[in-house]
Amino acid sequence: MVKKKKLVRSNKGTLAGICTGIAEYLELDPALIKFVFWCFLLATGMLPGIIAYLIGLAIIPKE
5 MVKKKKLVRS
15 NKGTLAGICT
25 GIAEYLELDP
35 ALIKFVFWCF
45 LLATGMLPGI
55 IAYLIGLAII
65 PKE
């Protein structure tokens, strides 16, 4: 039987656990997800990344 994965904010995260939760869901290193997120922040001028993070904070449930 296959266990169904669920995207949740991790308790192990630095701020709200969004990047760590995404990394656990995708089975990747959290540092890689955080690096990609920071690159996205810098490339888009911060505001779209902050908005995306706040949306994730609102819609991804806590672990």
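Residue numbers (this note's numbering): 5 to 67.
Beta carbons: idealized from backbone N, C-alpha and C, even for Gly.
Owing to the predicted nature of the structure, the values given are computational and were not obtained by experimental measurement.
**Q.** Counterpart residues of K66 in DSSP-defined beta bridges
**A.** Here residue 66 refers to the residue found at position 62 of the sequence shown. Paired residue(s): R13.
**Q.** Sequence-distant residues of its chain with Cβ nearer than 6 Å to L58 (five each side left out)
**A.** In the sequence shown, residue 58 corresponds to position 54, counting from 1. There are no such residues.
Q | Rounded C-alpha distance that separates L11 from A62 | A | Locating residue 11 in the sequence shown gives position 7, where the first residue counts as 1. Locating residue 62 in the sequence shown gives position 58, where the first residue counts as 1. Rounded to the nearest angstrom, the two C-alpha atoms are 13 Å apart.
Q: Select from I55, A20, V6 and M5 the residue whose C-alpha is nearest the C-alpha of P65.
A: For this step, residue 65 is matched to residue 61 along the sequence shown. P65 has its Cα closest to that of A20, out of I55, A20, V6 and M5.
Q. Would E31 be called buried (16 or more neighbouring beta carbons within 10 Å of its own) or exposed?
A. Position 27 of the sequence shown, counted from the first residue, corresponds to residue 31. E31 should be labelled exposed.
Q. For the alpha helix (DSSP H) that A47 lies in, which residues bound it at each end?
A. Residue numbering aside, residue 47 sits at position 43 when the sequence shown is read from its first letter. P34 to T48 is the extent of the alpha helix (DSSP H) around A47.
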